[in-house]
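Numbering (our numbering), first residue to last: 163 to 379.
One structure is given below, encoded as structure tokens.
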Ligand code: SAH
């Protein structure tokens, strides 16, 4: 029981209710979000807001995404237990943890070593053996591990990065926020079919920008 008299169980129910009311209906995705404790990925000052449906600051000037957006993006990838998934923008590691519940293998990249180190330590603590974390500029993807069944970009790009599209398997899906970094962006889903790429627009979102090169921290 926390100070405000709300039990952990009630908090969790409210958390899931908010996610569902934003259109996350996939049972596997909801199950994954029920199992992963977002509180572990939000540290310090903001930890008591970990179960609110809101983005929160993490270190290196970055943010952990809003839970309902995490749910919608995960749902849009239509993940199966055989999928190999690439995430660009590890941040806190929360989204990667959700992906790791649903997919066979998850590769996640961030440009800040400080973030990848913290996320890696959490995955070890939680005994997640199917997530590998890389410190690199993720816009180049991971050619050595391509192709991927699914790719999720959690930072806003001006256009879907070409190297990532090239690393998507036929039949694969990529979701990426597209637009200028200081404006509202559009969450785009790209499907690679035998005939080429098919795009559809899912909703407006707001993400930190996809930047070039490595971060300083
Ligand atoms: N998915 C994260 C939130 C991502 S915030 C979570 O669940 O917490 C966006 C992240 O993208 C930031 O951590 C930022 O450092 C990272 N990022 C931005 N540009 C990048 C790039 N070119 N390569 C890899 N990571 C990048």
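All C-beta atoms in this analysis are idealised placements derived from N, C-alpha and C, irrespective of residue type, glycine included.
Taking only the alpha-carbon atoms, compute the straight-line gap between residue i and residue j and give it to the nearest angstrom.
| i | j | result |
| --- | --- | --- |
| residue 263 | residue 273 | 24 Å |
| residue 320 | residue 181 | 28 Å |
| residue 258 | residue 226 | 11 Å |
| residue 238 | residue 337 | 7 Å |
| residue 282 | residue 251 | 13 Å |
| residue 253 | residue 243 | 24 Å |
| residue 197 | residue 334 | 26 Å |
| residue 255 | residue 358 | 32 Å |
| residue 310 | residue 212 | 31 Å |
| residue 362 | residue 350 | 6 Å |
| residue 353 | residue 200 | 29 Å |
| residue 209 | residue 216 | 12 Å |
| residue 192 | residue 214 | 16 Å |
| residue 205 | residue 220 | 7 Å |
| residue 297 | residue 330 | 20 Å |
| residue 172 | residue 355 | 43 Å |
| residue 195 | residue 260 | 6 Å |
Report yes if the C-beta of residue i is less than 7 Å from at least one heavy atom of ligand 1; otherwise report no.
| i | result |
| --- | --- |
| residue 279 | no |
| residue 216 | no |
| residue 272 | yes |
| residue 324 | no |
| residue 321 | no |
| residue 213 | no |
| residue 346 | no |
| residue 207 | no |
| residue 355 | no |
| residue 338 | no |
| residue 252 | yes |
| residue 300 | yes |
| residue 377 | yes |
Report all residues from its chain with a CB closer than 7 Å to the CB of residue i; omit the five preceding and five following residues, and keep chain order.
| i | result |
| --- | --- |
| residue 185 | 234 |
| residue 292 | 262, 266, 267 and 268 |
| residue 245 | 265, 266, 311 and 312 |
So, using beta-carbon positions, are residue i and residue j closer together than 8 Å?
| i | j | result |
| --- | --- | --- |
| residue 369 | residue 328 | no |
| residue 232 | residue 241 | no |
| residue 367 | residue 347 | yes |
| residue 284 | residue 177 | no |
From what residue to what residue does the beta strand (DSSP E) around residue i run?
| i | result |
| --- | --- |
| residue 361 | 358-367 |
| residue 312 | 310-315 |
Once the 5 residues before and after residue i are set aside, which same chain residues still bring their CB inside 8 Å of it?
| i | result |
| --- | --- |
| residue 301 | 250, 319, 323, 325, 326, 372 and 374 |
Could you please give the first and the last residue of the uninterrupted alpha helix (DSSP H) stretch that includes residue i?
| i | result |
| --- | --- |
| residue 325 | 324-328 |
| residue 280 | 275-287 |
Determine, for residue i, whether the minimum Cβ-Cβ distance to residues of chain C falls below 8 Å.
| i | result |
| --- | --- |
| residue 315 | This model lacks chain C altogether; it includes just one protein chain. |
In chain order, what residues of the same chain have a beta carbon less than 6 Å from the beta carbon of residue i, not counting five sequence neighbours either side?
| i | result |
| --- | --- |
| residue 315 | 250 and 338 |
| residue 229 | 181 and 215 |
| residue 270 | 249, 252, 258 and 295 |
| residue 303 | 325, 326 and 329 |
| residue 365 | 349 |
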